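452 is the number of the first residue of the sequence shown in the numbering used here; add one for each residue after it. Think of the CB as a built atom: it goes at the ideal place given N, C-alpha and C, for glycine as much as any other residue. All of these numbers come straight from a predicted model, not from anything done at the bench.
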Amino acid sequence: MSWLIKSSIGRKLIMSISGLFLVLFLMFHSLMNFVVILSADAYNTIASLLGANWYALIATGILALGFIIHIIYASILTLQNQKARGSNKYAVSQPQKNVSWASK
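And the structure:
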């Protein structure tokens with residue numbers, strides 16, 4: 452299990468899973484907000500169900516933890532990439548003058 456934290460692929464996997472949590476959160480909330488257009492009573496029912504259940508509270512904690520992990524691993528991976536790259540940020544630093552914009 453230590454490969455998950457120590458390897459580059461493992462760190463990227465953690466980033467993708469935590470990012471998936473954030474995307475699912477946004478999709479869920481956008482669908483809930485869409486329900487408002489259809490029916491105010493349906494929205495109130497959904498909101499009351501989510502506020503009263505223990506699994507919604509646990510999911511909120513997991514989402515917050517996933518968000519924190521995502522930020523931490525994004526910072527770690529960015530710093531490692533900058534360190535590995537050195538002073539060369541891009542493979543081509545000077546654009547060619549005879550190349551048209553459309554061919555890039």
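Taking every protein chain shown into account, the CB of G502 has fewer than 16 other CB atoms within 10 angstroms, so this residue is exposed. Remark: C-beta atoms of I465 and I520 approach each other more closely than 8 angstroms. Fewer than three beta-carbon pairs drawn from the segment 488-507 and the segment 529-549 are found closer than 8 angstroms, and the two stretches are therefore not classed as touching. Looking from the CA of N484, the closest CA among L475, Y494, F476 belongs to Y494.
A distance of 8 angstroms or more separates the beta carbons of F476 and L500.
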